[in-house]
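Participant:
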Amino acid sequence: GAGVSQSPSNKVTEKGKDVELRCDPISGHTALYWYRQSLGQGLEFLIYFQGNSAPDKSGLPSDRFSAERTGGSVSTLTIQRTQQEDSAVYLCASSPRRLSEQYFGPGTRLTVT
Amino acid sequence: DAKTTQPTSMDCAEGRAANLPCNHSTISGNEYVYWYRQIHSQGPQYIIHGLKNNETNEMASLIITEDRKSSTLILPHATLRDTAVYYCIVLTQGGSEKLVFGKGMKLTVNP
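For the record, the sequence lines run as chains A and B.
Using our numbering, the final residue of the first sequence is 132, and nothing's skipped along the way.
Using our numbering, the final residue of the second sequence is 116, and nothing's skipped along the way.
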């Protein structure tokens with residue numbers, strides 16, 4: 020079946036611009052996670068959705084970062100006024116239930132110039 | 006912060022068993038041990054998880070010591086495609102169950 024998909028696969032943007040990254044989780048998965056992976060920081064958690072609500076936003080690095088999830092499905096991660104340190108691979112994962120494996124998408128590589 | 010300690014790297018010969026160790030000496034009763042791996046330029050891939058009993062699936066076996074302070078992931082017949090960074094993660098039941106990745110261990114399978 021279809022896995023987690025993310026778009027775009029690559030995004031190059033100028034410093035100061037806003038970007039939107041999209042995640043399509045596996046159908047029926049109620050939990051959705053955003054992570055990012057950068058050279059200096061490894062893989063780090065950003066935000067967790069259960070349905071449309073986000074009970075854990077503890078990993079968002081600043082108020083320039085926000086995310087939403089609609090219809091319990093698609094999620095969008097928005098970064099406003101991008102900075103060079105935002106350059107990273109942004110990974111989305113979904114999970115069908117508690118204590119279950121997380122299925123990761125291929126990621127979006129964001130480069131801020 | 007990651008609650009696990011893994012070697013930085015390990016080599017294994019193709020076709021041999023790969024035994025990947027992990028220390029989690031501060032693990033508590035409601036925490037599970039999960040293993041993921043990341044092949045270059047791909048998203049992480051789930052391998053296996055367990056609480057206190059040994060577990061086996063089509064990919065690997067997980068051996069957890071009786072005191073639960075360490076575990077070993079076993080790939081019974083390593084192939085070149087198993088070359089990856091392997092992450093041992095302790096996950097707390099309840100809450101967001103987010104994955105906290107450490108530095109992981111680079112496994113290189115050699116022909």
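Glycine is no exception: its CB is placed at the ideal position from the N, C-alpha and C atoms.
None of these values were measured; they are calculated from a predicted model.
1) Please check if any C-beta of chain B sits within less than 9 angstroms of the C-beta of A112/A.
2) Between H48/A and P115/A, how many whole angstroms is the CB-CB distance? I'm expecting something under 8 angstroms.
3) Evaluate contact between the segment 41-58 of chain A and the segment 28-42 of chain B, counting only Cβ atoms and requiring at least three cross-stretch pairs below 8 angstroms.
4) Would you call the segment 81-97 of chain A in contact with the segment 53-72 of chain B, where contact means no fewer than 3 C-beta pairs closer than 8 angstroms?
5) Using 9 angstroms as the threshold, is the C-beta distance between Q129/B and G109/B below it?
6) From N58/B to D82/A, what does the alpha carbon distance come to, in whole angstroms?
7) Going residue by residue through the segment 7-76 of chain B, where are the continuous alpha helix (DSSP H) segments of at least 4 residues, counting only ones entirely within it?
8) Who are the neighbours of K108/B on chain A, taking C-beta pairs under 9 angstroms?
9) Fully enclosed by the segment 97-126 of chain A, which beta strand (DSSP E) runs are 3 residues long or longer?
10) Just to check my reading of the structure: L40/A and T95/A have Cβ atoms closer than 8 angstroms, yes? What is that Cβ distance to the nearest angstrom?
11) Compute the beta-carbon to beta-carbon distance between L112/B and L25/B, rounded to the nearest angstrom, for a pair I have assumed lies under 8 angstroms.
Facilitator: Here's the rundown:
1) yes
2) 5 angstroms
3) no
4) no
5) There is no way to answer for residue 129/B, as the model of chain B reaches only from 6 to 116.
6) 43 angstroms
7) none
8) G61
9) 107-114
10) 7 angstroms
11) 7 angstroms
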